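Novice: Straight run, no breaks: the sequence shown in my numbering ends on number 756.
Have a look at this one.
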Amino acid sequence: MARSPNMSGSRRLLARVRDTMAGAGTAQERLDRIATTIAADLVAEVCSIYVLRAGEVLELFANTGLTPEAVHLTRLNIGEGLIGVIAQRARPLALTNLQDHPAYAYRPETGEERYHSLAGVPILRDGRVTGVLAIQNRTQRQYTEEELETLETIAMVVAELIAGGELITSDELQAIEGLTMLPVSIEGVRLNGGLAIGTALRHERRISIDKLVAEDTDEEKRRFVGALGEMHGAIDKMLAASDMASGGEHREILETYRMFAEDAGWLARIHEAIETGLTAEAAVIKVRNDTRVRFRQQTDPYLRERLHDFEDLANRLLMHLAGDPDPAPKSAGPADIILFARNMGPAELLDYDRSHLKGLVLEEGSATTHVAIVAKALDIPVIGRAGDVMGVVENNDRVVLDGDNAEVHIRPSEEALQSFADTLNQRQQRIAAYSSLLDVPAETKDGLRMSLNINAGLFVDVQNMLDTGADGIGLYRTEIPFMESSDFPDVDRQAELYKRIIDQSAGKPVIFRTLDVGGDKGLPYWKMDEGENPAMGWRAVRVALDRPVLLRHQFRALIRAADGRDLKIMFPMITEVAEFDALRNILMREMKTAEKRGRKLPGALQVGTMLEVPALAFQMKSLLQRVDFVSVGSNDLFQFLFASDRGNPLLADRYDPLSPPALTLLGDLVRQCDDAGIPISLCGEIAGRPLDAMALVGLGFRNLSMAPSSIGPVKAMVRSLSVSDLKRYLDTLLQSHEHSLREKLREFAVDHGVII
Numbered sequence: 001m002a003r004s005p006n007m008s009g010s011r012r013l014l015a016r017v018r019d020t021m022a023g024a025g026t027a028q029e030r031l032d033r034i035a036t037t038i039a040a041d042l043v044a045e046v047c048s049i050y051v052l053r054a055g056e057v058l059e060l061f062a063n064t065g066l067t068p069e070a071v072h073l074t075r076l077n078i079g080e081g082l083i084g085v086i087a088q089r090a091r092p093l094a095l096t097n098l099q100d101h102p103a104y105a106y107r108p109e110t111g112e113e114r115y116h117s118l119a120g121v122p123i124l125r126d127g128r129v130t131g132v133l134a135i136q137n138r139t140q141r142q143y144t145e146e147e148l149e150t151l152e153t154i155a156m157v158v159a160e161l162i163a164g165g166e167l168i169t170s171d172e173l174q175a176i177e178g179l180t181m182l183p184v185s186i187e188g189v190r191l192n193g194g195l196a197i198g199t200a201l202r203h204e205r206r207i208s209i210d211k212l213v214a215e216d217t218d219e220e221k222r223r224f225v226g227a228l229g230e231m232h233g234a235i236d237k238m239l240a241a242s243d244m245a246s247g248g249e250h251r252e253i254l255e256t257y258r259m260f261a262e263d264a265g266w267l268a269r270i271h272e273a274i275e276t277g278l279t280a281e282a283a284v285i286k287v288r289n290d291t292r293v294r295f296r297q298q299t300d301p302y303l304r305e306r307l308h309d310f311e312d313l314a315n316r317l318l319m320h321l322a323g324d325p326d327p328a329p330k331s332a333g334p335a336d337i338i339l340f341a342r343n344m345g346p347a348e349l350l351d352y353d354r355s356h357l358k359g360l361v362l363e364e365g366s367a368t369t370h371v372a373i374v375a376k377a378l379d380i381p382v383i384g385r386a387g388d389v390m391g392v393v394e395n396n397d398r399v400v401l402d403g404d405n406a407e408v409h410i411r412p413s414e415e416a417l418q419s420f421a422d423t424l425n426q427r428q429q430r431i432a433a434y435s436s437l438l439d440v441p442a443e444t445k446d447g448l449r450m451s452l453n454i455n456a457g458l459f460v461d462v463q464n465m466l467d468t469g470a471d472g473i474g475l476y477r478t479e480i481p482f483m484e485s486s487d488f489p490d491v492d493r494q495a496e497l498y499k500r501i502i503d504q505s506a507g508k509p510v511i512f513r514t515l516d517v518g519g520d521k522g523l524p525y526w527k528m529d530e531g532e533n534p535a536m537g538w539r540a541v542r543v544a545l546d547r548p549v550l551l552r553h554q555f556r557a558l559i560r561a562a563d564g565r566d567l568k569i570m571f572p573m574i575t576e577v578a579e580f581d582a583l584r585n586i587l588m589r590e591m592k593t594a595e596k597r598g599r600k601l602p603g604a605l606q607v608g609t610m611l612e613v614p615a616l617a618f619q620m621k622s623l624l625q626r627v628d629f630v631s632v633g634s635n636d637l638f639q640f641l642f643a644s645d646r647g648n649p650l651l652a653d654r655y656d657p658l659s660p661p662a663l664t665l666l667g668d669l670v671r672q673c674d675d676a677g678i679p680i681s682l683c684g685e686i687a688g689r690p691l692d693a694m695a696l697v698g699l700g701f702r703n704l705s706m707a708p709s710s711i712g713p714v715k716a717m718v719r720s721l722s723v724s725d726l727k728r729y730l731d732t733l734l735q736s737h738e739h740s741l742r743e744k745l746r747e748f749a750v751d752h753g754v755i756i
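Shown next, in the form of structure tokens:
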């Protein structure tokens with residue numbers, strides 16, 4: 001078939017490589033011609049193709065530009081020289097002056113000393129390194145991203161030639177099975193603490209591509225059109241299903257799939273890739289990779305979030321091309337799963353068997369990413385922004401996930417694995433010891449009773465409350481169900497959910513926080529501008545007051561769910577008393593409306609506020625005349641107090657909540673609430689850390705809300721503490737001007753036998 005006259009140079013090169021692959025001659029002769037073709041088309045003076053041999057040795061198999069005698073003579077170990085580094089890291093490398101690189105290793109038999117620049121890519125097949133493809137120039141050439149992409153595409157074809165068994169024996173290929181990747185440790189950002197050891201599972205269905213170069217371009221086009229039609233039909237069928245017709249968790253995702261599947265530009269790019277000589281599968285993969293590059297350059301977070309939808313669509317299309325459109329059940333796989341993903345939706349995470357799911361690693365993601373919030377509610381360790389982790393990890397790799405230190409260790413050594421296993425065993429022994437405290441009260445040695453509650457957002461959290469012996473739910477995040485939904489939940493859906501939460505709580509109190517969305521905590525069906533500073537932007541009650549219909553619907557649902565039982569509601573992000581008054585007035589109007597309609601009103605209604613904005617601390621006298629309770633939201637309060645972004649890793653440890661100014665502010669809030677007879681609690685990360693919680697008890701807090709996994713450790717601390725001793729010591733410490741009181745409080749705990 002005639003090719004388009006405006007094909008780019010890279011497409012012409014791929015066509016020539018395809019013709020060479022299909023041409024006459026031995027595999028070695030074809031590989032030699034491929035090297036010559038690549039050098040000519042990319043205006044390179046050297047093109048080298050290294051093939052992985054048994055013993056993890058890279059052998060120069062084909063070359064143009066270097067000394068001919070070097071072929072089959074030059075060998076490099078993995079990690080040796082620049083070629084060895086490319087193989088070890090399994091990543092492209094481009095250098096304008098290769099001899100300045102610390103890994104440069106001169107091999108005199110090659111005659112390469114006169115070449116200064118290098119661009120090399122790993123040759124990958126099924127995610128394993130099988131060789132390296134590199135070009136070089138005498139000048140200090142600046143290789144472009146497009147040139148590296150072209151080399152990666154050609155490397156896909158070369159990988160098939162290597163796998164054919166003609167260059168090296170089939171026995172040796174089976175012995176190699178690609179480069180067994182070395183141990184890798186990647187740092188990220190802590191999204192939820194904890195330690196887990198398990199087996200890696202990539203959140204994708206990898207399709208094995210047997211052929212990259214087409215024999216019949218017209219046939220590949222027919223296959224593509226047929227698979228596309230099947231996928232359209234499958235999506236339409238899912239959308240028409242009874243559980244999707246009126247909305248559901250997956251409908252918005254499926255609508256997005258259908259929109260992308262009909263995108264003319266996307267289809268045209270795949271057709272063009274097929275015309276260059278790629279199979280339909282290879283064309284989809286190439287366009288998917290191109291799309292990934294473009295979307296990752298976007299600064300709009302909404303568009304970057306859509307990258308996951310695009311990649312999932314491409315994977316579904318590959319499944320249809322392979323004749324296997326049904327995804328594998330999410331319950332399949334190893335018993336202890338550490339899940340890896342570039343990004344994913346919260347509903348997709350919940351598809352996995354929670355009894356097997358031990359941790360989550362995201363290449364993207366932040367503390368407010370929807371899936372991270374859900375994973376935290378499931379109480380598994382989570383890290384985000386984990387570099388290029390999807391380019392490193394493979395299914396069934398042994399993995400250690402250290403959420404506390406925001407690190408993931410892939411394929412750790414036996415010694416490191418044993419060390420982590422010992423640490424995990426010690427933690428599990430402590431957890432077992434905490435189970436003995438399940439039915440005993442959180443009471444100090446000098447008789448002060450504490451109320452320990454959990455933070456919740458999913459229905460599964462109710463069971464967590466019962467399993468840990470918590471006293472109730474101190475914070476129910478009503479926005480999480482909104483994040484999981486494909487559209488705004490109506491009053492009926494909300495009421496049903498809230499009623500289930502109350503019904504299953506066994507009479508224990510539940511505090512419902514009204515919708516806290518906006519800023520960087522968006523909803524998939526409502527595009528909201530983050531603004532330059534999302535944490536201090538249009539969010540929480542600011543959204544509610546500007547869009548009161550959302551709040552009225554939520555109040556109606558809560559009143560209906562209570563069904564005559566007690567109801568506790570609190571408002572987030574209150575900045576001034578006038579905002580609280582406005583919100584309470586809306587609630588009271590909904591109460592009157594419900595009464596007029598003959599609905600059963602809550603037995604007792606209590607309305608409180610979260611104290612997260614420092615400005616509210618200066619209005620306590622007026623506030624305490626209006627509220628039934630106060631809950632300090634320490635995460636945001638300290639972020640605003642210290643003018644320090646808690647999501648910025650450079651500032652994560654700069655300011656300590658156990659510092660004189662922070663503790664003094666909390667102590668003042670407790671005293672004012674106690675004097676007014678208004679209950680005060682604290683909800684935040686510090687409530688769940690035993691040492692920090694010890695300081696809070698010393699300040700006078702008697703009600704804390706935390707992650708379910710923290711109930712046992714904090715209760716053990718409380719029962720080993722004498723508050724009178726701590727209070728005297730803390731009063732003295734607060735007079736100091738030190739950066740942090742953490743170490744001195746730790747010394748107190750050790751000296752007084754407090755379990756932290």
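Every residue gets a Cβ at the ideal spot worked out from N, C-alpha and C, and that includes glycine.
The model shown is predicted, which means the values in this text are computed figures rather than measured ones.
#1: Could you check if K376 is buried or exposed, using at least 16 other CB atoms within 10 Å of its CB as the buried criterion?
#2: Between the Cα of L66 and those of A134, L551 and K358, spot the shortest distance and give me the residue it belongs to.
#3: Who does A767 pair with in a DSSP beta bridge?
#4: Say whether the region 444-464 touches the region 405-422, bearing in mind that this needs 3 or more beta-carbon pairs closer than 8 Å, one atom from each stretch.
#5: So the beta strand (DSSP E) K715 belongs to, where does it begin and stop?
#6: Please tell me whether V184 and I410 are closer than 9 Å, where the distance is taken between their beta carbons.
#7: At the level of alpha carbons, what is the spacing between P5 and S644?
#8: Would you say L452 and K727 are within 9 Å of each other, going by their C-beta atoms?
#9: Between the C-alpha atoms of R477 and C683, what's the straight-line distance to the nearest angstrom?
#10: I need the DSSP call for N315, collapsed to helix, strand or coil.
#11: When the distance is taken between beta carbons, is D353 closer than 9 Å to P381?
#12: Applying the 10 Å Cβ sphere with the 16-neighbour rule, what's the burial state of G667?
#13: How big is the Cα-Cα spacing for N137 and E56?
#14: Kindly indicate which three-state DSSP category A456 falls into: helix, strand or coil?
#15: Ignoring anything shorter than 3 residues or poking outside the region 354-396, list the beta strand (DSSP E) runs there in chain order.
#16: What did DSSP end up calling T468 once you bin it into helix, strand or coil?
#17: Determine the DSSP secondary structure at R449, reduced to helix, strand or coil.
#18: Would you decide whether R190 is buried or exposed? Buried here means 16 or more other CB atoms lie within 10 Å of its CB.
#19: For R539, name the three-state secondary structure that DSSP assigns.
#20: Let me know if L699 comes out buried or exposed under the rule of 16 or more other beta-carbons within 10 Å of its beta-carbon.
#21: Looking at L82: is its Cβ nearer than 9 Å to the Cβ of A103?
#22: For E479, which residues of its own chain have a beta-carbon under 6 Å away from its beta-carbon, when the five flanking residues on both sides are left out?
#23: What whole-angstrom Cβ distance do I123 and G131 have, given they're in contact under 8 Å?
#24: State the start and end residues of the unbroken alpha helix (DSSP H) segment that holds H553.
#25: Distance check for V121 and E152, CA to CA, integer angstroms please.
#26: Alpha carbons only, please: which of M231, E394 and T468 is nearest the one belonging to D439?
#27: For the alpha helix (DSSP H) containing D731, list its first residue and its last residue.
#28: For L663 and G603, I'd like the C-alpha separation in whole angstroms.
#29: Just verifying my parser: in three-state terms, what is the DSSP assignment at H739?
#30: At least one CB of chain D closer than 9 Å to the CB of V627: is that the case?
#31: In three-state DSSP terms, what is I337?
#32: If you follow the alpha helix (DSSP H) that D422 is part of, which residue opens it and which one closes it?
#33: Counting pairs of Cβ atoms below 8 Å between the region 603-612 and the region 566-578, do you hit three or more?
#34: Within 10 Å of its beta-carbon, does K358 have 16 or more other beta-carbons around it, so buried, or fewer, so exposed?
#35: DSSP on K600, reduced to helix/strand/coil?
Specialist: Put simply:
#1: By the C-beta density criterion, K376 is buried, having at least 16 other C-beta atoms within 10 angstroms.
#2: Looking at the Cα atoms, A134 is the closest of the given residues.
#3: The first residue shown for the chain is 1 and the last is 756, placing residue 767 beyond what the model contains.
#4: Fewer than three pairs of CB atoms, one per stretch, sit closer than 8 Å, so the region 444-464 makes no contact with the region 405-422.
#5: In the DSSP assignment, K715 falls outside any beta strand (DSSP E) and within the unbroken alpha helix (DSSP H) covering I711 to R719.
#6: Yes, the pair counts as a contact, with Cβ atoms nearer than the cut-off.
#7: In this prediction, P5 scores a pLDDT of 34, lower than 50, which makes its location untrustworthy; no coordinate-derived value is stated.
#8: Contact: no.
#9: Answer to the nearest angstrom: the Cα atoms are 12 Å apart.
#10: When DSSP states are grouped into helix, strand and coil, N315 belongs to the helix group.
#11: In this structure, P381 lies away from D353, with their beta-carbon atoms at least 9 Å apart.
#12: When all chains shown are included, G667 counts as buried.
#13: Their Cα atoms are separated by approximately 27 Å.
#14: DSSP places A456 within a strand segment (E or B) once states are collapsed to three.
#15: Segments of the beta strand (DSSP E) lying fully in the region 354-396: 357-362 and 382-384.
#16: If DSSP states are grouped into helix, strand and coil, T468 belongs with the helices.
#17: R449 falls in the strand class under three-state DSSP.
#18: Burial check for R190: the Cβ neighbour count within 10 Å reaches 16 or more, so the residue is buried.
#19: Residue state, collapsed to three classes: strand.
#20: With 16 or more Cβ atoms within 10 Å of its Cβ, L699 is classed as buried.
#21: Going by C-beta atoms, L82 is nearer than 9 Å to A103.
#22: These residues qualify, in order along the chain: L515, D516 and V517.
#23: The Cβ separation is near 4 Å, so the contact holds.
#24: Here the alpha helix (DSSP H) through H553 covers P548 to A562.
#25: About 6 Å.
#26: Checked all of M231, E394 and T468; the closest Cα to D439 is T468.
#27: Run containing D731: V723 to L733, per the alpha helix (DSSP H) assignment.
#28: Rounded to the nearest whole angstrom, the C-alpha separation of L663 and G603 is 37 Å.
#29: Assigned with DSSP and collapsed to three states, H739 falls in coil, not helix or strand.
#30: Checking the listed chains, one finds no chain D in this structure; it contains a single protein chain.
#31: I337: strand per DSSP, three-state reduction.
#32: In the DSSP annotation of this structure, the continuous segment of the alpha helix (DSSP H) that includes D422 starts and ends at E414 to S435.
#33: Taking one beta carbon from each stretch, the region 603-612 and the region 566-578 have 3 or more pairs nearer than 8 Å; the two touch.
#34: The residue is buried, with at least 16 neighbouring Cβ atoms inside 10 Å.
#35: Three-state DSSP puts K600 in coil, outside helix and strand.
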